[in-house]
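Trainee: The structure that follows is given in the form of structure tokens.
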């Protein structure tokens with residue numbers, strides 16, 4: 152008999168293939184059973200989650216994620232879309248997120264607009280932009296799957312070893328711990344943009360530096 156819930160694994164994440172004919176309530180029961188049975192395998196993993204075979208609303212996606220966490224020790228960090236480029240961006244964030252050795256992190260889906268301030272005591276992944284005039288403050292680390300055009304403050308309690316990551320790094324203000332970044336003069340907003348490359352801001356010899364993310368960089372910096 153065909154299984155109504157199939158779990159597939161990929162790097163730093165899992166994909167659920169869901170029956171599109173079963174009622175949503177019955178599907179939740181099957182998901183709960185499946186993850187209770189495999190709880191020992193996943194243990195306390197931080198993972199991305201994607202869906203196949205069935206269209207779900209945002210509310211249904213949230214309920215499924217909550218059902219998984221209630222039935223196992225998995226921490227769902229973010230939801231992955233169908234677009235491969237989007238998936239890679241999520242996975243880059245998840246890989247950075249796994250450097251966090253402290254409290255569990257969280258994610259925020261949406262763009263922060265002018266005048267908005269988001270403050271958290273944990274690490275955070277923002278699925279969207281931080282627009283000019285908006286501010287994100289975290290006691291730990293900040294990962295932005297979009298552009299940082301406003302203000303970011305990581306290590307807001309003055310602690311060391313924190314970082315800010317963004318797919319496009321162009322902050323109005325950037326602070327990490329007790330150090331502030333002095334931005335160079337910005338070029339015209341109408342100039343042709345080069346290919347976007349994720350960058351990380353971190354403290355090096357008491358100065359904030361911003362560099363493109365590479366495997367060599369991640370293995371060499373004290374995160």
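Numbering (our numbering), first residue to last: 152 to 374.
Cβ atoms here follow ideal geometry from the backbone N, Cα and C, with glycine treated the same way.
Every value quoted in this text rests on a predicted model; they were computed, and no experiment measured them.
Quick one: give me the first and last residue of the beta strand (DSSP E) that residue 350 is part of.
Mentor: Per DSSP, residue 350 belongs to the beta strand (DSSP E) from 350-355.
Trainee: If you measure between the beta carbons of residue 201 and residue 225, is that distance less than 9 angstroms?
Mentor: No, these two residues do not count as a Cβ contact at 9 angstroms.
Trainee: May I ask which residues mark the beginning and end of the alpha helix (DSSP H) holding residue 185?
Mentor: Where residue 185 is concerned, the enclosing alpha helix (DSSP H) stretches over 175-188.
Trainee: Which residues bound the beta strand (DSSP E) around residue 214?
Mentor: First-last for residue 214: 209-222, but that is the alpha helix (DSSP H), not the beta strand (DSSP E).
Trainee: Answer yes or no: do residue 186 and residue 222 have a C-beta to C-beta separation smaller than 9 angstroms?
Mentor: A contact, by the Cβ cut-off of 9 angstroms.
Trainee: Taking the C-alpha atoms as reference points, what is the distance between residue 270 and residue 155?
Mentor: Cα to Cα, residue 270 sits roughly 40 angstroms from residue 155.
Trainee: Ignore the nearest five residues each way along the sequence and tell me which others in residue 344's own chain have a CB closer than 8 angstroms to its CB.
Mentor: Annotation note: pLDDT 46 at residue 344 (below 50); position unreliable, no value reported.
Trainee: Rounded to whole angstroms, what is the Cα-Cα separation between residue 212 and residue 263?
Mentor: Rounded to the nearest angstrom, the two C-alpha atoms are 22 angstroms apart.
Trainee: The beta strand (DSSP E) spanning residue 365 covers which residue range?
Mentor: It is not in any beta strand (DSSP E) - residue 365 carries neither H nor E in the DSSP assignment.
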